[in-house]
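Note that full-length UniProt numbering has the sequence shown beginning at 1, numbered continuously upward. Below is one structure, written out as structure tokens, with a few remarks after it.
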Amino acid sequence: MKNSAEQSDADQNSITRLPQMEFFVVEYPGYVNNIDNVLQTLGGIGEIQKGFLKEELPHINLKFRKNDIFSHPVVGEVVTTTNLVLKTVTRRNKLTGNISSTKHEVVGVATKTARFRHIADYQFIPNQADSMVKLAKSLNEWNIEEIENAKLTSDKGKTRYMKTIPPPLFSRAPWAGYYNFRQSDAVKKVIVKEGDKEPEVKLVKRRHNTKNIISHKFKSGEDVPQAPSQKISDNFLLNQTPQVLEIKDLIYQKFELRPIWTSLALFNNINNISSREIKKVLPNVAYFAATGPWRDSWIKYGFDPRVEKSSISYQVLDVRIKKKVHHKTRGGPRATADFYAPDKKKYSAQYVNKDKYFFITVFRSHIFDGLHFEREFGGHYQIADITDSDIKKLIEYKKFASKSFDDKLGWIDRSQYHNLRMLLSRKTKKIINGGISDESEDFKFEDEDVEDEAVVESNSEGENDQGDTQEQEAGDTLMISQKAKVVNFKNMEIDPRINSKVDELMKNLHHASGYGDNMSDDSEDEFDYFDLDE
């Protein structure tokens, strides 16, 4: 009976009801002598209240120089807490001064606490007598009289003070980096002694970047590599194993079937072998195209795509996504996107369903079928790997190929090349914006019979049968309008005076922009790539 009574008393004593009052606490990083000065450094009661009540990234700014607009604040992060607020009453003996009694009382719960754990940003105090500094303060205080009477001094001659307005932020990192002044792992210290000189300590890279590939730039008159260099062959012999030889034979078979491959297409067509192992063997079978219509592709040694017109099927189109620039409002914390937890909304079911068309089979990431687009791989397609029906119609168009090779466009006709870029751009953009690209009704190509009737009809109107037919075939251009319709443009007679005026205007524009002196046909950046706004 006694034990049960003691247990019930203990249970009753352990239950204490806390007051319902909530407190917001500020851990002030300094000695508090004057509460008014403390509130001013925090921006006042109003700013403190706003900081605690913010829904996204709540914070409070602390300025060491409270009246200086150029003072960079220290950011205090507001976090949720469940701390108890105690009221302590201490009584002392008036004669001895010793503490006679102490009373503690819980008055509420601290639900939010502002903690200043970030490091302070660099500070720069400009010359207070400078005219720009005075004007900045007048604008901040809305002093109309000083703004109207403001005079800007010239920067001519030598000045004692640097006329520089400090930026709003020097360092983006709110946390210290504990690198302990360690030396980079890629560099080691060695003692070098030359002749009779004193030994010196030098820094040497641990690994030298050896060039184990042959990079070729397609320029007029240059022959393509016929075989790997001696250095590449020697490195291959040093690392030669039965497994490496098997990989080499497999890659060689792939290049016998298809002389030009992008890295992604080759990796996707070779299973059970890592891309790292393929990269080691690849320079022994093919050379790398650095520029031109087959840029970033591997080409079999001895194969010159400038001579083989069938190489048009392996030309490369690169879809690059250019993200839109968003004006981010910096609420106080520096580099908040890098130091805060990720947004869980991005991983919700709604977000996954919206982007479900990005999760495609990895082994088909080099193929464009008009239904999927993989952001991770960036859209690097060869014409042979495009299976979209609308684009295939354009590729199979009889005037898609050019009669001669161009260093920039390859074997594709200039007008058809731009049409292909436009069509691929529109389809990819539609996929990214949230829908499957299915515009077969919008892309209508005229049949050859219709074109023949148009030629006959034009000839029956009094034109020469043979000459005008050849002229019309040369002048027919397949164009895609904004509505993605295909129309035929015929040769039109243009007044020579108009041509001369246009040529003169273009020359003036090129001369004014400085293009005429700096542009070169041999530039590596000549190859056309197009950006796609996301």
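Note that the Cβ used here is the ideal one computed from N, Cα and C, for glycine as well.
Whole-number beta carbon distance between residue j and residue i, since they are thought to touch under 8 Å
i, j, result
"residue 109", "residue 84", "6 Å"
"residue 203", "residue 187", "5 Å"
"residue 214", "residue 228", "7 Å"
"residue 114", "residue 56", "Contact doesn't hold; Cβ gap of about 16 Å is too wide."
"residue 151", "residue 131", "6 Å"
"residue 400", "residue 413", "6 Å"
"residue 98", "residue 91", "Contact doesn't hold; Cβ gap of about 10 Å is too wide."
"residue 366", "residue 385", "5 Å"
"residue 410", "residue 319", "No, residue 410 and residue 319 are not in contact; Cβ-Cβ is about 17 Å, not under 8 Å."
"residue 313", "residue 232", "About 28 Å separates the two Cβ atoms, so there is no contact after all."
"residue 136", "residue 69", "6 Å"
"residue 71", "residue 123", "7 Å"
"residue 32", "residue 38", "6 Å"
"residue 571", "residue 111", "Outside the displayed span of the chain (1 to 534) sits residue 571, for which this structure offers no information."
"residue 307", "residue 293", "With a Cβ gap of about 13 Å, residue 307 and residue 293 do not count as contacting."
"residue 390", "residue 423", "7 Å"
Residue i (DSSP reduced to helix, strand or coil)
i, result
"residue 28", "coil"
"residue 365", "coil"
"residue 429", "helix"
"residue 386", "strand"
"residue 392", "helix"
"residue 22", "strand"
"residue 406", "strand"
"residue 65", "coil"
"residue 420", "helix"
"residue 148", "helix"
Pairwise C-alpha distance: residue j and residue i
i, j, result
"residue 276", "residue 247", "12 Å"
"residue 197", "residue 206", "25 Å"
"residue 76", "residue 269", "54 Å"
"residue 311", "residue 296", "15 Å"
"residue 274", "residue 280", "10 Å"
"residue 95", "residue 104", "24 Å"
"residue 224", "residue 230", "16 Å"
"residue 174", "residue 125", "21 Å"
"residue 240", "residue 212", "15 Å"
"residue 526", "residue 226", "Residue confidence is low: residue 526 scores 37 on pLDDT, short of 50, so the model does not pin down where it sits. No coordinate-derived value is stated."
"residue 18", "residue 88", "16 Å"
"residue 257", "residue 393", "24 Å"
"residue 282", "residue 200", "41 Å"
"residue 305", "residue 434", "38 Å"
"residue 364", "residue 43", "57 Å"
"residue 29", "residue 14", "36 Å"
"residue 145", "residue 421", "59 Å"
"residue 65", "residue 120", "13 Å"
"residue 73", "residue 36", "18 Å"
"residue 299", "residue 419", "26 Å"
"residue 262", "residue 48", "58 Å"
"residue 52", "residue 20", "19 Å"
"residue 58", "residue 46", "14 Å"
Residue range of the beta strand (DSSP E) that includes residue i
i, result
"residue 397", "Where residue 397 is concerned, there is no enclosing beta strand (DSSP E), given that its DSSP letter is neither H nor E."
"residue 60", "59-62"
"residue 380", "380-382"
"residue 552", "In the structure displayed, the chain extends from 1 to 534; residue 552 sits before or after that span and is not available."
Range covered by the alpha helix (DSSP H) that runs through residue i
i, result
"residue 41", "35-41"
"residue 49", "45-53"
Min CB distance residue i to chain B below 8 Å
i, result
"residue 40", "Considering every chain present, this structure includes no chain B. It has just one protein chain."
Run through the UniProt domain "Transcription factor IIIC subunit 5 HTH" (165-320) for me and flag every whole alpha helix (DSSP H) of 4 or more residues, listed as ranges in chain order. 230-238, 242-257, 263-269, 275-281
Runs of alpha helix (DSSP H) wholly within the region 68-146 (minimum 4 residues, chain order): Complete alpha helix (DSSP H) runs here, min 4: 131-141.
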